[in-house]
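Structure, as structure tokens:
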Amino acid sequence: MARTSRDIRSANRLTVVQQVVAAGTTSRQRLAVDTGLSLGTVATLVAELTDLGLLTEAGQEDSGGGRPRGLVTADPHGGLLVGVDVAETYVHVDLFDTTLTRLAGAEEALRPLERRPHQVVRHIVSGIDTVLAGTGARVLGVGVSVPGQVDREGGVSVFAPNWNWHDVPLRDLLADHLPLPLHLDNPLRAAVLAELWAGAARGRDDVAVINLGTGVGAGLAFGGILYRGSSNSAGEWGHTTLVLDGRLCRCGSRGCVEAYVGAPGIMQTLRDLAPTSPLLHPEDQTATLDALAAGLAADDPTAAKVVAETARYLGVAVADLVNLLNPEVVVLSSWVADRLGDRLRDEVRAVVAQHALRRPLVATGIVRSPVAGNPVSLGAATLALEGFLTQGR
Numbered sequence: 001m002a003r004t005s006r007d008i009r010s011a012n013r014l015t016v017v018q019q020v021v022a023a024g025t026t027s028r029q030r031l032a033v034d035t036g037l038s039l040g041t042v043a044t045l046v047a048e049l050t051d052l053g054l055l056t057e058a059g060q061e062d063s064g065g066g067r068p069r070g071l072v073t074a075d076p077h078g079g080l081l082v083g084v085d086v087a088e089t090y091v092h093v094d095l096f097d098t099t100l101t102r103l104a105g106a107e108e109a110l111r112p113l114e115r116r117p118h119q120v121v122r123h124i125v126s127g128i129d130t131v132l133a134g135t136g137a138r139v140l141g142v143g144v145s146v147p148g149q150v151d152r153e154g155g156v157s158v159f160a161p162n163w164n165w166h167d168v169p170l171r172d173l174l175a176d177h178l179p180l181p182l183h184l185d186n187p188l189r190a191a192v193l194a195e196l197w198a199g200a201a202r203g204r205d206d207v208a209v210i211n212l213g214t215g216v217g218a219g220l221a222f223g224g225i226l227y228r229g230s231s232n233s234a235g236e237w238g239h240t241t242l243v244l245d246g247r248l249c250r251c252g253s254r255g256c257v258e259a260y261v262g263a264p265g266i267m268q269t270l271r272d273l274a275p276t277s278p279l280l281h282p283e284d285q286t287a288t289l290d291a292l293a294a295g296l297a298a299d300d301p302t303a304a305k306v307v308a309e310t311a312r313y314l315g316v317a318v319a320d321l322v323n324l325l326n327p328e329v330v331v332l333s334s335w336v337a338d339r340l341g342d343r344l345r346d347e348v349r350a351v352v353a354q355h356a357l358r359r360p361l362v363a364t365g366i367v368r369s370p371v372a373g374n375p376v377s378l379g380a381a382t383l384a385l386e387g388f389l390t391q392g393r
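With full-length UniProt numbering, letter number 60 in the sequence shown gets 60, and the count goes up by one each step, no holes.
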């Protein structure tokens, strides 16, 4: 669908805010260089964003001979942004100011049987109430990341396989409890946005962010812009086939990447290698991954074998992405990557080197996410900021 002038204006607003947040303090002249926009356009956008309360003047700098240049910075008092990461085992909520500084957080566990929409909504609302308690500033919006396929325009969870959700009107259910602007998407998109705004993708053009949790996917950015695909379904790399006629995946297919490198898949690898291992907590993904991480630190041979086998599968799948997309950087993100840490990253790098073509490989870095805290909730907060800028006059 062709972009309207309003779409272009909103995108330019977001680009300017993103550059200011990244720089901390910058001039209109520098913004014009960094964004590729004309100085006149930048000046107009800065004025609009100042009127909206997002930017503020920050003094002047010497221009090297001419008039001093005015500086601008993000206004931390411009409002509040809420980012929500709804995962299969928890609901995590963070509160940010408009510099994307985290102000407060809350997390609530989702028990195995808490999978009905009203139960998940209750935890989301509770977490948001917790982080907003005692705040008096305006809330610009709430971004909610929910696993599975999402219709972001309609605010609908189209399909969440782990909960067997089909066409759940999640935004409407939340709106019954939250009189706030709500913006829905999934963790692949949120994770990429976190890296573009504050992580390993900042200043990069072509990026793949591997979300390793209960579910698995690859969020994508091309030309420094989030790629959604024609139906907001891009990045379902976790449901590409890795092993023909392999393990049953929760999507209904067999041999998917997710069935081998998601948390349940890693648990299955542990069962296959050492069915009576004390590292295995059969009904608890988090406890099992924590035990594997502790085992790695203690040089436990079973933990080492499980991570090596996981890295073998993950490395082959990442090599496919490197050959197909030729990204500048592949980022290993989310809680599984965080727990298995540098050991998983290093072993994945070694496997990718065996399977990727040399030319795209030498141009690709494979790194862990440097984003402090929860990347998905941060990315979800930028969705709320984008929504505010789209709606703002």
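For glycine and all other residues, C-beta sits at the position ideal for the given N, C-alpha and C. Here the structure is a predicted model, which is why all the values come from computation and not from measurement.
Original post:
Using the rule of at least 16 other Cβ atoms within 10 Å of the residue's Cβ for burial, across every protein chain shown, is Thr382 buried or exposed?
Top reply: buried
Original post:
Around the C-beta of His123, are 16 or more other C-beta atoms found within 10 angstroms, so that it is buried, or is it exposed?
Top reply: buried
**OP:** Tell me where the alpha helix (DSSP H) around Arg368 begins and ends.
**Re:** Per DSSP, Arg368 belongs to no alpha helix (DSSP H); it is in the beta strand (DSSP E), 365 to 368.
Original post:
From this set, Ser334, Val376, Gln391, which residue's C-alpha is nearest Val367's C-alpha?
Top reply: Ser334
**OP:** Answer with buried or exposed for Arg171, where buried requires no fewer than 16 other C-beta atoms within 10 angstroms of its C-beta.
**Re:** buried
Original post:
According to DSSP, is Leu332 helix, strand or coil?
Top reply: strand
Original post:
Which runs of the beta strand (DSSP E) fall wholly inside the region 115 to 145 and span at least 3 residues, in chain order?
Top reply: 139 to 145
Original post:
Under 8 Å between the Cβ atoms of Leu80 and Leu140?
Top reply: yes
**OP:** Compute the Euclidean distance between the alpha carbons of Val318 and Val352, then round it to the nearest angstrom.
**Re:** 7 Å
Subject >> As assigned by DSSP and simplified to three states, the class of Asn211 >> reply: strand
Original post:
Ends of the alpha helix (DSSP H) at Glu386?
Top reply: 375 to 391
**OP:** With DSSP collapsed to three states, give me the class of Trp163.
**Re:** coil
Subject >> Beta-ladder partner(s) of Gln60, from DSSP >> reply: Gly70
Original post:
Can you tell me the Cα-Cα spacing of His118 and Asp176, whole angstroms?
Top reply: 11 Å
**OP:** Using alpha carbons as the reference points, say which of Thr35, Ala201, Thr26 lies closest to Gly379.
**Re:** Ala201
**OP:** Select from Asn374, Thr4, Asp51, Glu153 the residue whose C-alpha is nearest the C-alpha of Pro187.
**Re:** Asn374
Original post:
In this structure, what does DSSP give as the bridge partners for His92?
Top reply: Asp85, Glu107
Subject >> Residues of its chain near Pro161, where Cβ-Cβ distance is below 7 Å and the 5 sequence neighbours each way are ignored >> reply: Gly148, Arg250, Cys251
Original post:
Is Pro360 closer than 8 Å to Asp206 when the C-beta atoms are compared?
Top reply: no
Original post:
The beta strand (DSSP E) with Ser10 in it runs from where to where?
Top reply: Note, Ser10: premise wrong, no beta strand (DSSP E); alpha helix (DSSP H) at 5 to 23.
Subject >> Endpoints, alpha helix (DSSP H) assigned at Val216 >> reply: Counting along the chain, Val216 falls outside any alpha helix (DSSP H), though it belongs to the beta strand (DSSP E) covering 216 to 222.
Subject >> Beta-carbon spacing of Thr35, Thr15 below 8 Å >> reply: yes
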